[in-house]
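Just so we're aligned, residue 1 is where the first sequence starts under UniProt numbering, counting upward by one. Every residue gets a Cβ at the ideal spot worked out from N, C-alpha and C, and that includes glycine.
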Amino acid sequence: MPVARPESSDSRVIAHVDMDCFYVQVEQRKQPELRGHPTAVVQYNAWKGGGLIAVSYEARSFGVKRSMRGDEAKSVCPEIQLVRVPVARGKADLSIYRNAGSEVVAILSRKGRCERASIDEVYLDLTDAAEKMLSETPPESLEVIDDEVIKSHVLGISAEPSDVRQAVREWICRSNADRRDKLLACGAFIVAELRMQVLKETQFSCSAGIAHNKMLAKLASGMNKPAQQTVVPFVSIKSLLEPLPIRKMKQLGGKLGCSLQDDLGVNTVGDLLQFSEGRLQERYGINTGTWLWNIARGINGDEVESRVLPKSHGTGKTFPGLNCLKTIAAIERWLSKFSEELAERLEVDLEQNKRIAQTLTLHASAHKATESQSQKKFPSKSCPLRYGTTKILEDALNLFQAGLREYLSSSSKAYGNGCSGWGITNLSLSASKIVDIPSGTCSIMKYFHTQDQSCSSTKEFNDKEIFEAATLSTSGSESYLMKHLQEPQTECHEDGTKMNTLMQTHLEDESRMFEDKACAQTNFSREISSLSTPVKKNEPQLDSVGEDAVIKDAAGGNRSRDQKGKALKEKQGTSSILQFFQTKNCFQEPKEESVNDMQETTESSCSVPSESGGIRSLHRGADQSRVDCIYKIDEIDPNVVDELPREIQEEVRAWLRPQKRANNTMRRGSSITHYFSPNKNL
DNA sequence: ACGGCTACTACA
DNA sequence: TTGTAGTAG
Numbered sequence: 001m002p003v004a005r006p007e008s009s010d011s012r013v014i015a016h017v018d019m020d021c022f023y024v025q026v027e028q029r030k031q032p033e034l035r036g037h038p039t040a041v042v043q044y045n046a047w048k049g050g051g052l053i054a055v056s057y058e059a060r061s062f063g064v065k066r067s068m069r070g071d072e073a074k075s076v077c078p079e080i081q082l083v084r085v086p087v088a089r090g091k092a093d094l095s096i097y098r099n100a101g102s103e104v105v106a107i108l109s110r111k112g113r114c115e116r117a118s119i120d121e122v123y124l125d126l127t128d129a130a131e132k133m134l135s136e137t138p139p140e141s142l143e144v145i146d147d148e149v150i151k152s153h154v155l156g157i158s159a160e161p162s163d164v165r166q167a168v169r170e171w172i173c174r175s176n177a178d179r180r181d182k183l184l185a186c187g188a189f190i191v192a193e194l195r196m197q198v199l200k201e202t203q204f205s206c207s208a209g210i211a212h213n214k215m216l217a218k219l220a221s222g223m224n225k226p227a228q229q230t231v232v233p234f235v236s237i238k239s240l241l242e243p244l245p246i247r248k249m250k251q252l253g254g255k256l257g258c259s260l261q262d263d264l265g266v267n268t269v270g271d272l273l274q275f276s277e278g279r280l281q282e283r284y285g286i287n288t289g290t291w292l293w294n295i296a297r298g299i300n301g302d303e304v305e306s307r308v309l310p311k312s313h314g315t316g317k318t319f320p321g322l323n324c325l326k327t328i329a330a331i332e333r334w335l336s337k338f339s340e341e342l343a344e345r346l347e348v349d350l351e352q353n354k355r356i357a358q359t360l361t362l363h364a365s366a367h368k369a370t371e372s373q374s375q376k377k378f379p380s381k382s383c384p385l386r387y388g389t390t391k392i393l394e395d396a397l398n399l400f401q402a403g404l405r406e407y408l409s410s411s412s413k414a415y416g417n418g419c420s421g422w423g424i425t426n427l428s429l430s431a432s433k434i435v436d437i438p439s440g441t442c443s444i445m446k447y448f449h450t451q452d453q454s455c456s457s458t459k460e461f462n463d464k465e466i467f468e469a470a471t472l473s474t475s476g477s478e479s480y481l482m483k484h485l486q487e488p489q490t491e492c493h494e495d496g497t498k499m500n501t502l503m504q505t506h507l508e509d510e511s512r513m514f515e516d517k518a519c520a521q522t523n524f525s526r527e528i529s530s531l532s533t534p535v536k537k538n539e540p541q542l543d544s545v546g547e548d549a550v551i552k553d554a555a556g557g558n559r560s561r562d563q564k565g566k567a568l569k570e571k572q573g574t575s576s577i578l579q580f581f582q583t584k585n586c587f588q589e590p591k592e593e594s595v596n597d598m599q600e601t602t603e604s605s606c607s608v609p610s611e612s613g614g615i616r617s618l619h620r621g622a623d624q625s626r627v628d629c630i631y632k633i634d635e636i637d638p639n640v641v642d643e644l645p646r647e648i649q650e651e652v653r654a655w656l657r658p659q660k661r662a663n664n665t666m667r668r669g670s671s672i673t674h675y676f677s678p679n680k681n682l
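See below:
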């Protein structure tokens, strides 16, 4: 449900930029011979020529519509060129469009706050830029005005068609105009400029709306397409909205809009004006009621959020009708592909944007197989996200099992895994709760994060530990590196349960110690501690440097590191120390024990049944960390450090150096050891 | 149950 | 916090 937000100002300059049939343009750039021809992008081709997801304007003029099948489009427009969406791992892969969208965002974000609203839509807050222009080079002072500005559509301008251009020119340059209009005029200049830049640098055309808020800008961007822009002056708002069918408004295209029509007889936005705020609140709740009252008047306080990156990554597929998945084996096959794609995208996000995702969620829809399940929805399930394809797969499978168990629980009969009882028609996996890695971690992060895929031993709970690719906590009180790049350890505790109880007391000690001895830290650990989110009182800031850490190659260390290093170097072009860390390649298929091992726990905030029928605790705060990959620190040839970029050489040397720890008895067996000890609860 | 895939927000 | 529902392109 939409919610009302106070309006910070009624003279902001907000733009909504909408790419024209974006997927088509992306394909036309790739294949220029398609330009000018009726073209559509279609995904999958098996059934009736696949479904259209983007249609060029040439094709639209033939009556081709989105959501037609490919065959249908061909019959309406025989010369249409159908371009298939790329397929990877047996499913549609939209990454080329996502990446193209990023190109556009990079340009549009130059002039003000930029919010990526979808793969092909962006909101801009150009208030500051417009005010600057108005004070420095107001439109009335300009001698030449770009044609792209003159071609703007300005709502409410009355002129004969032959005079429109002149009327727009005058509106833009009026020296006695309302300040709000002048700001919008400046916005029109800025947006025209941006759109030209986008065209020049990406070859993509776009349309835009320029108004005083997001809602109006969005409305306007769709009014004149393709490759045009539309301005909504303040005085035109009323006449724009009054006759507008209610369902044209964003957020009112679905059930809410339907309810307004059916229950209140509201067919246009103007019709809404007759209802008091109280009445609307009565019917739709405080928030939505106020929101409705506001939008009827063109009031919308939504801020343009500064966000150019997505808040989540997802991948999934539908399996309609007889294609539904009926066995765990089939589920696993697909989850495996999804895990791969997700891990890949997360990896790119980490590398490019220094962000990590914290939550893995599995969504599914199920076929109704029995009456008892017919109404029941397959529940979605989440758990902490661990990086690496195999870990994601392992967790996803557990989430699925948990969901399935719940889904089937109501049915009178107990269904086995066979081909009985259920069929999955939609399955997807997503990664969310993405947070930035604090700056300063990046230098070293780059060199270690890539170990994820290769680092997937499931004997992890019994191993000594040093690195963890990425794991997470729900507490948010520890640093990223603490969770991911663990210090060498001095001890290995096998009993996670005991450790947990010990931890509580040790944490406080550790916290005090940290404050006292912060300067004794190595560079490496200093970086670690600098990463920490601001320390709250009583929240431990952990720090520990293992003196005699044993770092071993979890793969067994049979090959010399030089061999392994060379092999990887050629393949990946990375420095050898990194390869050393990467080459443990302790790639193992998940073993059942890894799940069956799980002990029952009573304190978990979220428990899912494990395959063995035990309970697997998912959110355990600080105890999330596991470590899989182990190295012998003295196996690292100090010379390879020279191959690292200078900015991290010191960090690594300090870390490799035997620690001088005069007064460090507390460190041995200190809380970090417990903190990162094997945790059988997870 | 053939409009597939993705992603966001609000809410309980 | 996790999970659901609604919305949109």
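**Request:** Could you say if the segment 122-134 and the segment 149-157 meet the contact criterion of at least three C-beta pairs nearer than 8 Å?
**Result:** No, the segment 122-134 is not in contact with the segment 149-157.
**Message:** What does the Cβ neighbour count give for Ala329, buried or exposed, with the cut at 16 atoms within 10 Å?
**Reply:** Exposed, by the Cβ-count rule.
**Request:** Can you give me the start and stop residues for the beta strand (DSSP E) that residue 687 sits inside?
**Result:** Outside the shown range of the chain (1 to 682) lies residue 687, about which nothing can therefore be said.
**Item:** Member of Lys337, His363, Glu332, Tyr387 whose CA lies at the smallest distance from the CA of Arg355
**Value:** Considering only alpha carbons, the answer is Tyr387.
**Request:** Return the CA-CA distance between His212 and Arg297, expressed in angstroms with no decimal places.
**Result:** Approximately 13 Å, taken between the alpha carbons.
**Prompt:** Exposed or buried, Cys258, counting other C-beta atoms within 10 Å across all chains shown (16 or more means buried)?
**Reply:** It counts as exposed.
**Asked** Within 10 angstroms of its Cβ, does Thr137 collect 16 or more other Cβ (buried), or is it exposed?
**Response** Result: exposed.
**Asked** alpha helix (DSSP H) containing Ser365: first to last residue?
**Response** For Ser365, there is no enclosing alpha helix (DSSP H); the enclosing beta strand (DSSP E) covers residues 355-366.
**Request:** Flag this pair as yes or no: are the beta carbons of Ala364 and Leu346 separated by less than 8 Å?
**Result:** No, the Cβ-Cβ distance between Ala364 and Leu346 is not below 8 Å.
**Request:** Hey, could you find the ends of the alpha helix (DSSP H) Tyr284 is sitting in?
**Result:** It spans 277-284 - the alpha helix (DSSP H) in which Tyr284 sits, taken as one unbroken run.
**Request:** Enumerate, from N- to C-terminal direction, the unbroken beta strand (DSSP E) stretches of 3 or more residues contained entirely within the segment 198-256.
**Result:** Entirely contained in the segment 198-256, the beta strand (DSSP E) runs reaching 3 residues are, in chain order, 206-211, 229-231.
**Item:** Where Cys383 falls: helix, strand or coil (DSSP)
**Value:** Annotated three-state conformation of Cys383 is strand, per DSSP.
**Request:** Closer than 7 Å by C-beta to Arg179: which residues in its own chain qualify, once you throw out the five before and the five after it? Chain order, please.
**Result:** Once the five neighbours on either side are set aside, the close Cβ partners of Arg179 are Ser11.
**Message:** If you reduce the DSSP assignment to three classes, tell me which class Arg98 lands in.
**Reply:** Arg98 carries a helical assignment under DSSP once its states are collapsed to helix, strand and coil.
**Separation of Val122 from Val164, as counted between CA atoms** = Distance between Val164 and Val122, taken at the CA atoms: about 28 Å.
**Prompt:** Where do the N-terminal and C-terminal ends of the alpha helix (DSSP H) with Gly298 fall, by residue?
**Reply:** For Gly298, no alpha helix (DSSP H) run applies, since DSSP gives it neither H nor E.
**Prompt:** In chain order, what residues of the same chain lie with their CB nearer than 7 Å to the CB of Lys311, ignoring the 5 residues before and after it?
**Reply:** Around Lys311, the same chain offers Ser432, Ile434 as residues with beta carbons nearer than 7 Å, after the five sequence neighbours per side are excluded.
**Request:** Please report how far the alpha carbon of Val26 lies from the alpha carbon of Val198, in whole angstroms.
**Result:** Annotation: Val26 to Val198 spans about 13 Å, alpha carbon to alpha carbon.
**Message:** By the three-class DSSP mapping on this structure, what secondary structure does Arg60 have?
**Reply:** DSSP places Arg60 in the helix class (H, G or I) of the three-state scheme.
**Message:** Counting C-beta neighbours from all protein chains within 10 Å, is the total for Lys30 16 or more, i.e. buried, or is it exposed?
**Reply:** By the Cβ neighbour-count rule, Lys30 is exposed, with fewer than 16 other Cβ atoms within 10 Å of its own.
**Message:** Less than 8 Å between the beta carbons of His153 and Asn224, yes or no?
**Reply:** Contact flag set, yes.
**Asked** Can you tell me whether DSSP reads Asn426 as helix, strand or coil?
**Response** Here Asn426 sits in strand by DSSP.
**Three-state secondary structure assigned by DSSP to Leu52** = Leu52 sits in a strand when the DSSP states are folded into three classes.
**Request:** Let me know the secondary structure DSSP gives Asp120 once reduced to three states.
**Result:** Judged by DSSP in its simplified three-state form, Asp120 adopts coil rather than helix or strand.
**Asked** Mind checking whether Ile210 and Ala177 have CB atoms under 8 Å apart?
**Response** The answer is no: Cβ separation not under 8 Å.
**Item:** Range covered by the beta strand (DSSP E) that runs through Met19
**Value:** Run containing Met19: 14-19, per the beta strand (DSSP E) assignment.
**Prompt:** How big is the Cα-Cα spacing for Leu309 and Ser162?
**Reply:** Going by the C-alpha atoms only, they are around 44 Å apart.
**Asked** What residue range is occupied by the uninterrupted beta strand (DSSP E) comprising Gln81?
**Response** Going by DSSP, Gln81 is part of the beta strand (DSSP E) stretching over 81-84.
**Request:** Would you mind stating whether Ser306 and Glu103 have Cβ atoms separated by less than 8 Å?
**Result:** Their beta carbons are not under 8 Å apart, which means Ser306 does not touch Glu103 by this criterion.
**Collapsed DSSP secondary structure at Ser9 in the structure displayed** = Correct three-state label for Ser9: coil.
**Asked** According to DSSP, is Gly321 helix, strand or coil?
**Response** Here Gly321 sits in helix by DSSP.
**Asp93, DSSP secondary structure in three states** = Reduced to three states, the DSSP call for Asp93 is coil.
**Message:** Taking only three categories from DSSP, how would you classify Arg35?
**Reply:** DSSP places Arg35 outside both helix and strand once states are collapsed to three, so it counts as coil.
**Item:** Rounded Cβ spacing between Leu397 and Leu335 (contact assumed at less than 8 Å)
**Value:** About 6 Å; that satisfies the 8 Å criterion.
**Prompt:** Is it true that the CB of Leu124 sits closer than 8 Å to the CB of Ala192?
**Reply:** No, they are not a contact pair.
**Message:** If you measure between the beta carbons of Asn300 and Met215, is that distance less than 8 Å?
**Reply:** In this structure, Met215 lies closer than 8 Å to Asn300 by Cβ.
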